[in-house]
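Visitor:
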Amino acid sequence: MDASLIVFNLLNPPVLFFFLGLLAVTLKSDLEIPSPLPKFFSLYLLMAIGFRGGVELSHGGLNRRMALLLLAAVLMALLVPLYSFFVLKRRMPLPDAAAIAATYGSVSAVTFITATSFLQRLGIEYGGHLVAAMALMESPAIIVGVLLFRWFAKDNGNGDFSWRELFRDAFLNGSVFLIMGSFAIGALTGDTGWKAMRPFADDIFKGILAFFLLDMGLVAARRLGDLRRAGGFLTAFALLVPITNALIGILLSYLIGLPKGDALMLTVLCASASYIAVPAAMRLAIPEANPSLYVPMALAITFPFNIIAGLPFYLYLINILWS
Amino acid sequence: MDASLIVFNLLNPPVLFFFLGLLAVTLKSDLEIPSPLPKFFSLYLLMAIGFRGGVELSHGGLNRRMALLLLAAVLMALLVPLYSFFVLKRRMPLPDAAAIAATYGSVSAVTFITATSFLQRLGIEYGGHLVAAMALMESPAIIVGVLLFRWFAKDNGNGDFSWRELFRDAFLNGSVFLIMGSFAIGALTGDTGWKAMRPFADDIFKGILAFFLLDMGLVAARRLGDLRRAGGFLTAFALLVPITNALIGILLSYLIGLPKGDALMLTVLCASASYIAVPAAMRLAIPEANPSLYVPMALAITFPFNIIAGLPFYLYLINILWS
Amino acid sequence: MDASLIVFNLLNPPVLFFFLGLLAVTLKSDLEIPSPLPKFFSLYLLMAIGFRGGVELSHGGLNRRMALLLLAAVLMALLVPLYSFFVLKRRMPLPDAAAIAATYGSVSAVTFITATSFLQRLGIEYGGHLVAAMALMESPAIIVGVLLFRWFAKDNGNGDFSWRELFRDAFLNGSVFLIMGSFAIGALTGDTGWKAMRPFADDIFKGILAFFLLDMGLVAARRLGDLRRAGGFLTAFALLVPITNALIGILLSYLIGLPKGDALMLTVLCASASYIAVPAAMRLAIPEANPSLYVPMALAITFPFNIIAGLPFYLYLINILWS
Amino acid sequence: MKPIKKIEIITDSLELPKLLARLETIGVAGYTVIREVTGMGERGLRAGDELTGVFKNSYIIVACPEEEVSGVVEAVRPILKRFGGVCLVSDAQWVIH
Amino acid sequence: MKPIKKIEIITDSLELPKLLARLETIGVAGYTVIREVTGMGERGLRAGDELTGVFKNSYIIVACPEEEVSGVVEAVRPILKRFGGVCLVSDAQWVIH
Amino acid sequence: MKPIKKIEIITDSLELPKLLARLETIGVAGYTVIREVTGMGERGLRAGDELTGVFKNSYIIVACPEEEVSGVVEAVRPILKRFGGVCLVSDAQWVIH
Ligand SMILES: Nc1ncnc2c1ncn2[C@@H]1O[C@H](COP(=O)(O)O)[C@@H](O)[C@H]1O
Ligand SMILES: Nc1ncnc2c1ncn2[C@@H]1O[C@H](COP(=O)(O)O)[C@@H](O)[C@H]1O
Ligand SMILES: Nc1ncnc2c1ncn2[C@@H]1O[C@H](COP(=O)(O)O)[C@@H](O)[C@H]1O
Ligand code: NA
Ligand code: NA
Ligand code: NA
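Residue numbers (my numbering), protein chains in the order written: chain A, 31 to 353; chain B, 31 to 353; chain C, 31 to 353; chain D, 6 to 102; chain E, 6 to 102; chain F, 6 to 102.
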């Protein structure tokens with residue numbers, strides 16, 4: 031594998047700002063991005079990426095290959111939590127197994143966004159329907175995780191639980207809703223909308239991403255300590271499961287016959303783990319699960335792995351297979 | 031009336047984001063724009079629109095027609111609360127009548143801003159002095175409302191009240207001050223200033239407006255419930271008074287001989303109701319008035335009506351009359 | 031001295047927004063920039079200026095003249111607090127003397143930034159290494175100030191004090207760290223990075239600066255009251271010491287043979303006083319010192335003086351000497 | 006001034022809407038909320054990072070007559086049991102205005 | 006430690022400047038303010054939206070000797086009367102440092 | 006419900022990390038922090054401007070058994086002495102969940 035692709039990926043300001051965040055915590059600098067700015071950056075990124083995806087979709091309708099891609103995406107979002115759960119169940123309490131399974135079945139919008147900037151710098155295109163794929167992959171794993179938990183848990187007769195609320199938390203939580211809504215607005219307003227919103231949604235995008243990744247670096251580094259308690263098994267899980275999912279993603283992309291850009295994006299979605307939508311939903315639906323396990327796994331291991339080594343590695347594999 | 035103008039108006043990303051906000055609350059999504067971001071967006075919008083108005087004014091001095099426009103604006107800001115008050119007084123307690131009257135006599139900067147983006151998309155120009163008109167219209171209604179209240183109230187001997195403070199709240203509250211200050215800075219620095227500030231004050235403007243309207247949608251939808259208690263009379267008032275004021279505004283514009291763009295902007299100012307400057311001032315000067323009436327009327331009925339149906343409707347009338 | 035240079039400097043929107051902030055407080059307007067937005071603007075400015083400096087450094091390596099400039103910068107950062115301390119010690123308690131000395135030895139990033147925008151409007155260039163000079167000048171004065179204090183204080187056996195923490199606060203506090211980190215990222219990614227980040231880090235820069243200076247105006251005006259208690263000596267100090275340091279800075283620049291732009295920037299660094307890094311460090315290391323003295327001196331006298339009169343005055347002197 | 010009980014509740018922000026709904030159901034006359042507080046307890050550090058939204062607490066104050074305390078406490082207890090948190094009850098005087 | 010009274014005031018944020026000015030006039034030794042809290046009471050829900058700025062409360066804590074309580078209460082009461090809010094007084098021990 | 010002591014500490018935000026570290030060292034079971042409060046006291050107005058970062062306070066609540074109070078107070082006192090602030094101790098009932 032070409033080391034230059036890794037270096038090329040690293041020399042992207044947003045990625046470097048992620049490292050700067052890690053470094054700040056390591057050196058005990060008091061740098062911090064005060065609340066609620068990270069929340070704003072994340073809303074901005076979701077809005078911008080959703081809007082852009084919608085605009086791109088408005089350029090051409092859905093074809094068969096796209097439909098297959100979306101199908102594959104949903105399939106992965108259902109299967110990954112399933113197999114993960116059974117792997118995890120043997121080593122840890124049920125609630126944690128279910129929550130971690132959901133975490134890895136769902137996706138990370140910021141990993142997706144970092145991948146778009148990686149592709150853009152390489153001049154490789156990807157389709158707007160990938161944003162739809164991302165939106166579709168956010169929620170199913172949450173439902174699967176909770177279903178599995180309640181199936182296997184003995185005292186699942188908790189009076190306080192409501193499936194209705196769970197579905198709402200899964201499909202209508204703020205981040206999923208904003209991405210889908212912006213997608214729809216982008217699709218409706220098309221190029222005219224894009225022209226109006228572009229300076230906001232595109233030009234300053236990289237800068238806001240850099241700021242957001244700086245904060246992700248800070249948070250990830252702070253959470254690293256939690257992982258020591260989590261132990262080697264979960265650390266290994268947080269590295270190997272993404273790779274496995276990425277390999278399946280590459281295989282599916284190959285079978286569907288996706289172009290390289292779409293293939294990488296689908297792969298990255300499969301490989302990524304959620305630290306926004308899933309933790310909030312799990313906290314409400316399976317409060318017994320320990321967020322000090324599933325949050326740092328996704329945030330402090332899988333996310334950095336994907337944006338640092340994963341992106342160039344997955345593209346390398348795709349380059350080989352597609353040639 | 032041409033339906034395509036309505037559709038054209040709706041297919042503006044910021045307007046659609048307003049709907050997205052309404053939808054989020056309707057579907058009980060937990061989407062929210064955390065405080066103090068909406069405040070920041072509103073400061074940004076005031077600064078940007080003020081600055082731009084000032085720059086445009088610097089292109090050419092004041093002529094007679096402009097002076098008449100400003101006069102008409104102030105006149106409306108004095109008369110509207112007067113007639114509204116007497117309409118309202120017959121149906122509701124004095125404090126509420128005065129506060130609602132002030133609300134409808136003053137203006138909504140965001141309605142104004144949405145109108146500018148409507149005109150811009152149609153390629154219709156308007157003059158920078160309209161921003162001055164807006165600034166002039168913000169405060170007088172507050173004074174009129176409080177005057178009327180204290181005139182008619184029996185126990186107006188409240189020891190805690192100070193006219194000095196009221197004038198300060200009316201003419202120097204944060205939003206009025208920022209718009210006037212930015213206007214002055216724009217007028218002073220002219221095109222050189224515009225060149226420096228343009229990427230900030232213009233290019234990303236639509237995006238920030240979209241974010242702000244998303245939040246307005248959220249807040250408006252949350253406040254809709256209050257209206258049920260308010261009843262049919264106030265709902266009708268919140269629709270009919272803006273239309274009436276708009277018609278007067280169109281008439282005045284016609285008499286003065288304003289160009290179409292200026293006419294629409296003046297009309298929109300007359301039709302809009304304040305939910306920023308007035309509530310804050312009323313809360314201090316007439317705390318007996320119930321903000322759960324005057325705030326949702328302006329925010330959840332008049333504002334959406336104006337930006338959705340009002341803009342194309344007023345322009346339609348202007349197009350007929352001017353042709 | 032040419033008055034037009036002062037006027038030219040004033041007709042810069044960001045500077046005018048500083049005055050608007052002062053005016054708001056004077057007129058008792060309730061305008062305010064809610065927390066944590068000023069913090070965000072300041073993080074943004076540090077990131078942008080650091081990144082830009084790094085990118086510019088990447089264009090050409092370090093030469094002898096640059097090295098001398100950096101040396102001069104560090105020298106000034108060590109000498110200014112030293113001589114200031116002995117001047118101050120005769121008139122006030124030790125802790126205050128040490129804290130004010132540190133304040134004037136360190137630098138103000140926003141003064142630096144305002145100077146860059148002044149030069150840019152005049153079409154005068156300056157080198158990216160000046161940003162490195164600024165980063166180098168932030169911390170040493172803190173150490174010198176604390177050293178002096180502990181040397182002269184009788185009860186310096188305070189059990190709670192740790193040099194280790196002090197060094198961390200001085201060299202790794204958030205603002206110093208962010209500027210150095212962004213500088214490094216800019217230097218690493220060079221022009222490619224600049225292209226990606228430019229709309230964020232450069233285009234909207236002036237606008238954010240304007241917002242930040244608006245807030246500085248508000249805060250400075252609110253702190254002016256503290257100064258009345260501080261008395262005439264400190265007010266004089268806050269005007270004369272910057273001028274003295276500027277004159278030394280001009281002399282050093284002349285001796286090194288710096289181009290005009292670099293000379294002005296070094297001069298401005300020497301003349302400026304810190305109100306971000308130093309107060310935080312002093313509060314922790316010399317809590318006995320009264321922040322109501324050293325903060326308003328830097329913020330409400332030296333800063334406005336430098337950006338209003340200082341910039342054109344220093345450039346005027348440089349223009350004479352260099353011609 | 007009349008004697009009153011002050012109930013302070015600290016719990017997971019995510020549960021706040023449900024908790025307030027319950028308070029309204031049982032008919033408390035009022036409450037005050039501080040939406041973002043951080044803390045440490047049995048469930049470890051909750052330092053309030055924005056990214057995940059799961060490590061934040063809210064702080065709720067309810068002033069109510071002594072006889073309503075047990076109602077509030079019973080409404081709150083199941084939430085504290087499941088999601089963690091603290092509930093303190095103390096005496097105060099209510100200034101009648 | 007010495008016994009002291011803790012006064013907690015919750016009222017409309019817009020009145021905060023005036024309220025603090027009064028506290029300073031009557032000479033309290035100190036106070037602490039939490040500027041943005043939300044709540045519910047007689048005047049309905051005050052959920053703190055930013056747009057209108059009129060539905061926010063502030064929370065003020067004053068620790069003072071028993072003999073100053075009535076002064077503070079009298080200063081605060083007219084504001085509570087006009088703008089709503091709550092004032093609680095309770096006992097505490099002040100740690101002398 | 007069991008009786009407990011409620012300790013409230015208000016001090017300079019810059020000292021917060023050190024103060025929390027001390028609380029953890031002496032082994033308190035939990036605490037809650039409101040990170041940004043403003044105030045006035047012996048050291049003048051601390052109105053919380055963002056620019057300088059030196060005029061902000063934090064508010065810390067510790068609920069602990071009576072026997073731990075003196076430990077907490079001794080841990081906190083030196084900080085209050087150097088950096089200013091307030092520490093109040095009062096009685097409360099802890100709702101067991
Ligand atoms: N002893 C305590 N004193 C003050 N606050 C506490 C205490 N214990 C817990 N808390 C608060 O309640 C939250 C949840 O507590 P826990 O369920 O024990 O993890 C913590 O994050 C703290 O904010
Ligand atoms: N019983 C209560 N307990 C706690 N806070 C209250 C209570 N009643 C009112 N408040 C607070 O005081 C504010 C104004 O109250 P009111 O004037 O009753 O509407 C409310 O928005 C709450 O924040
Ligand atoms: N009497 C008091 N009541 C409430 N808060 C106080 C009181 N005195 C001081 N404080 C708080 O403690 C901080 C520091 O106090 P001091 O060290 O006295 O300046 C102040 O800024 C206030 O937030
Ligand atoms: Na995944
Ligand atoms: Na109007
Ligand atoms: Na200096």
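Each residue gets a CB set at the ideal place from its N, CA and C atoms; glycine is no exception.
As the structure is a computational prediction, the values presented were derived from the model and not from experiment.
(1) According to DSSP, is Val59 (chain E) helix, strand or coil?
(2) At what residues does the beta strand (DSSP E) containing Ser96 (chain D) begin and finish?
(3) Val100 (chain E): which of F:Thr16, F:Glu20 and F:Lys23 sits nearest, CA to CA?
(4) Against chain C, which members of the region 180-209 of chain B pass a CB distance test of less than 7 Å?
(5) Going straight from the alpha carbon of Leu282 (chain C) to that of Leu345 (chain C), what length do you get?
(6) By DSSP's criteria, Tyr36 (chain E) is part of a beta bridge. Which residues make up the other side?
(7) How is Pro8 (chain E) classed by DSSP in three states: helix, strand or coil?
(8) Is Leu288 (chain A) helix, strand or coil by DSSP?
(9) What residues from the region 63-77 of chain C come within 9 Å of chain A, judged by C-beta to C-beta, listed N to C?
(10) Strictly under 8 Å for the Cβ-Cβ distance: is Ile316 (chain C) near chain F by that measure?
(11) Look at the alpha carbon of Met227 (chain B) and the alpha carbon of Gly279 (chain A), and state the distance between them as a whole number of angstroms.
(12) Jot down the residue ranges of each uninterrupted alpha helix (DSSP H) in the region 110-172 of chain C, minimum 4 residues, whole runs only, in chain order.
(13) So, using beta-carbon positions, are Val308 (chain C) and Ala162 (chain C) closer together than 8 Å?
(14) Are the C-beta atoms of Ile234 (chain B) and some chain A residue less than 8 Å apart?
(15) In the DSSP assignment, find the unbroken alpha helix (DSSP H) run with Gly247 (chain A) in it and report its ends.
(16) Thr16 (chain F) bridges to which residues according to DSSP?
(17) Which of the residues in the region 322-349 of chain B, read from start to end, lie with their CB under 8 Å from any CB of chain E?
(18) Following a CB-centred definition, is Glu55 (chain F) positioned closer than 7 Å to any heavy atom of ligand 1?
(19) What did DSSP end up calling Ala226 (chain A) once you bin it into helix, strand or coil?
(20) Can Val174 (chain A) be considered in contact with ligand 4, in the sense that its beta carbon sits closer than 7 Å to one or more heavy atoms?
(21) Any Cβ of chain A within less than 8 Å of the Cβ of Lys58 (chain B)?
(22) Using DSSP with H/G/I as helix, E/B as strand and the rest coil, what is Asn57 (chain C)?
(23) Determine the burial state of His159 (chain B): buried for a count of at least 16 other Cβ atoms within 10 Å of its Cβ, exposed for fewer.
(24) Is there a Cβ of chain F sitting closer than 8 Å to that of Tyr305 (chain C), yes or no?
(25) When the Cα atoms are used, what is the spatial distance from Gly287 (chain C) to Phe47 (chain C)?
(26) State yes or no: is the C-beta of Tyr134 (chain B) nearer than 7 Å to some heavy atom of ligand 5?
(27) In terms of alpha-carbon separation, which member of A:Leu35, A:Leu76, A:Ala268 and A:Asn39 lies closest to Ala214 (chain A)?
(28) With burial defined as no fewer than 16 other Cβ atoms inside 10 Å of the residue's Cβ, what is the status of Pro22 (chain F): buried or exposed?
(29) Can you have a look at Ile350 (chain C) and say buried or exposed, based on whether 16 or more other CB atoms are within 10 angstroms of its CB?
(30) Chain F partners of Arg82 (chain D), CB-CB under 8 Å?
(31) With a threshold of 8 Å between beta carbons, is Ile39 (chain F) in contact with chain E?
(32) Specify, as a first and last residue, the run of the alpha helix (DSSP H) that His89 (chain B) falls within.
(33) Whole angstroms are fine: how far does the CA of Met246 (chain A) sit from the CA of Ser66 (chain B)?
(34) On the premise that Gly46 (chain E) lies in contact with Gly76 (chain D), defined as a C-beta separation below 8 Å, what is that separation, rounded to the nearest angstrom?
(35) Can you grab the Cα-Cα spacing for the pair Ser205 (chain A) / Leu248 (chain A), in whole Å?
(36) If you reduce the DSSP assignment to three classes, tell me which class Arg269 (chain A) lands in.
Guide: Let me lay it out:
(1) The residue you call residue 59 (chain E) lines up with position 54 of the fifth sequence. Correct three-state label for Val59 (chain E): coil.
(2) Here residue 96 (chain D) refers to the residue found at position 91 of the fourth sequence. Here the sequence assigns Asp to residue 96 (chain D), which means Ser is not the residue at that position. Element bounds for Asp96 (chain D): Val91 to Trp99.
(3) Counting from 1 along the fifth sequence, the entry for residue 100 (chain E) is found at position 95. Per the Cα distances, F:Thr16.
(4) Of all residues in the region 180-209 of chain B, Arg198, Leu202, Asn203, Gly204, Phe207 and Leu208 have a Cβ within less than 7 Å of some Cβ in chain C.
(5) Position 252 of the third sequence holds residue 282 (chain C). Position 315 of the third sequence holds residue 345 (chain C). It is roughly 15 Å from the alpha-carbon of Leu282 (chain C) to the alpha-carbon of Leu345 (chain C).
(6) In the fifth sequence, residue 36 (chain E) corresponds to position 31, counting from 1. Per DSSP, F:Met45.
(7) By one-based count along the fifth sequence, residue 8 (chain E) stands at place 3. In this structure, Pro8 (chain E) counts as strand in the three-state DSSP scheme.
(8) On the first sequence, position 258 is the one that residue 288 (chain A) refers to. Leu288 (chain A): coil per DSSP, three-state reduction.
(9) Ser65, Pro66, Leu67, Lys69, Phe70, Leu73, Tyr74 and Met77
(10) In the third sequence, residue 316 (chain C) corresponds to position 286, counting from 1. No, Ile316 (chain C) does not count as interfacial toward chain F.
(11) The residue given as residue 227 (chain B) occupies position 197 in the second sequence. The residue given as residue 279 (chain A) occupies position 249 in the first sequence. Going from the Cα of Met227 (chain B) to the Cα of Gly279 (chain A) covers about 46 Å.
(12) 124-135, 139-152 and 159-168
(13) Here residue 308 (chain C) refers to the residue found at position 278 of the third sequence. Here residue 162 (chain C) refers to the residue found at position 132 of the third sequence. No, they are not a contact pair.
(14) Taking the second sequence and counting its residues from 1, the one referred to as residue 234 (chain B) is at position 204. Chain A, which has a Cβ nearer than 8 Å to the Cβ of Ile234 (chain B), makes this yes.
(15) Residue 247 (chain A) sits at position 217 when you count from the first residue of the first sequence. That run of the alpha helix (DSSP H) goes Phe235 to Ala260.
(16) Sequence index remark: in the sixth sequence, residue 16 (chain F) carries index 11 (1-based). For Thr16 (chain F), the beta-bridge partners assigned by DSSP are F:Ser63.
(17) Ser322, Val325 and Leu329
(18) Reading the sixth sequence from its first residue, position 50 is the one you call residue 55 (chain F). Incorrect: Glu55 (chain F) has no Cβ contact closer than 7 Å to ligand 1.
(19) Numbered from 1 along the first sequence, position 196 holds the residue referred to as residue 226 (chain A). Residue state, collapsed to three classes: helix.
(20) Sequence index remark: in the first sequence, residue 174 (chain A) carries index 144 (1-based). Checking the Cβ of Val174 (chain A) against ligand 4 gives no.
(21) Locating residue 58 (chain B) in the second sequence gives position 28, counting from the first residue. Chain A contact via Cβ: present.
(22) Position 27 of the third sequence, counting from 1, holds the residue named residue 57 (chain C). Before going on, a small fix: residue 57 (chain C) reads as Leu here, not Asn. Three-state DSSP puts Leu57 (chain C) in coil, outside helix and strand.
(23) By 1-based counting over the second sequence, the position of residue 159 (chain B) is 129. Classification of His159 (chain B): buried, given that the 10 Å Cβ count is 16 or more.
(24) For the purposes of this step, residue 305 (chain C) is identified with residue 275 of the third sequence, where counting begins at 1. For Tyr305 (chain C), the answer is yes, since a Cβ of chain F falls inside 8 Å of its Cβ.
(25) Here residue 287 (chain C) refers to the residue found at position 257 of the third sequence. Here residue 47 (chain C) refers to the residue found at position 17 of the third sequence. Distance between the alpha carbons of Gly287 (chain C) and Phe47 (chain C) is about 35 Å.
(26) Within the second sequence, numbered from 1, the residue matching residue 134 (chain B) stands at position 104. At least one heavy atom of ligand 5 is nearer than 7 Å to the Cβ of Tyr134 (chain B), so yes.
(27) Reading the first sequence from its first residue, position 184 is the one you call residue 214 (chain A). Comparing Cα positions, the closest option is A:Leu76.
(28) Walking along the sixth sequence from the start, residue 22 (chain F) turns up at place 17. Classification for Pro22 (chain F): exposed.
(29) Along the third sequence, read from residue 1 onward, the residue named residue 350 (chain C) stands at position 320. Classification for Ile350 (chain C): exposed.
(30) The count along the fourth sequence starts at 1 and reaches residue 82 (chain D) at position 77. Chain F residues near Arg82 (chain D): Val100 and His102.
(31) If you number the sixth sequence from 1, residue 39 (chain F) lands on position 34. At least one chain E Cβ lies under 8 Å of Ile39 (chain F).
(32) Within the second sequence, numbered from 1, the residue matching residue 89 (chain B) stands at position 59. Counting along the chain, the alpha helix (DSSP H) containing His89 (chain B) begins and ends at Leu67 to His89.
(33) Residue mapping note: residue 66 (chain B) aligns to position 36 of the second sequence, counting from 1. Residue mapping note: residue 246 (chain A) aligns to position 216 of the first sequence, counting from 1. Note that residue 66 (chain B) corresponds to Pro in the displayed sequence, not to Ser. Pro66 (chain B) and Met246 (chain A): Cα-Cα distance of roughly 21 Å.
(34) In the fourth sequence, residue 76 (chain D) corresponds to position 71, counting from 1. In the fifth sequence, residue 46 (chain E) corresponds to position 41, counting from 1. Incorrect: roughly 18 Å between the Cβ atoms, too far for contact.
(35) For the purposes of this step, residue 205 (chain A) is identified with residue 175 of the first sequence, where counting begins at 1. For the purposes of this step, residue 248 (chain A) is identified with residue 218 of the first sequence, where counting begins at 1. The straight-line gap from Cα to Cα measures roughly 21 Å.
(36) Within the first sequence, residue 269 (chain A) is the residue found at index 239, counting from 1. Checking the sequence shown, residue 269 (chain A) turns out to be Leu, not Arg. Helix.
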